[in-house]
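One structure below.
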Amino acid sequence: MTPTYRVGDELPPLEIPLTRTLIVAGAIASRDYQDVHHDAELARQKGSPDIFMNILTTNGLVGRYITDHFGPNAVLHKVAIRLGAPNYPGDVMRLAGRVTELAGPAGEEPVRATIAVTGDNGIGRHVTGTVIVTLPAPSDERAGA
């Protein structure tokens, strides 16, 4: 059965080590060939202390955070994020989330939830965003088992 969620519920945090491999692989996978995402020397020439994560990788990690928590049958409808402090290699990003809205027929499944998400690293807030997700119905969970 789908757990009952309430507005204000906090999701458990997820810590993601920011490796050079993760940053480069995410840029390549999203076809973002900007040198600041894979070439440390060119990134330094452009004023950055090192390569840094691109927005598409961050977007994917935010989506992963939500589906890791709500399960593989949860459906992401909207992921809206804004970047702040860059994610550099050697740091850790800590994602956190809070249920801000629940919508759907009273007592019925599925429920659409709005989750406020933040992601912080050692220098500040890397990402702020909102995710709208349909939570899996009990029959969806059994079908996936």
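Counting in the numbering used here, the sequence shown runs without a single skipped number right up to 1609 at its last residue. We treat Cβ as the ideally placed atom computed from N, Cα and C, and that holds for glycine.
Query, Result
"Bridge partner(s) assigned by DSSP for K1542", "I1596"
"Span of the alpha helix (DSSP H), counted from its first residue to its last, around R1528", "1519-1534"
"Inter-residue Cα distance where the pair is G1535 and V1471", "19 angstroms"
"Contact between the region 1553-1566 and the region 1471-1482 (3+ Cβ pairs under 8 angstroms)", "yes"
"Y1552 beta carbon less than 8 angstroms from that of L1506", "no"
"Nearest-angstrom Cβ-Cβ length linking N1518 and A1491, presumed shorter than 8 angstroms", "5 angstroms"
"Bounding residues of the alpha helix (DSSP H) (the contiguous stretch that carries G1490)", "1484-1493"
"Backbone CA spacing between M1557 and L1486 [nearest angstrom]", "12 angstroms"
"Residue from G1548, L1525, K1510 with nearest C-alpha to L1478", "L1525"
"Residue burial classification, A1538 (beta-carbon count within 10 angstroms, cutoff 16)", "buried"
"Secondary structure of D1584, DSSP reduced to three states", "strand"
"C-alpha gap between Q1498 and G1568, whole angstroms", "42 angstroms"
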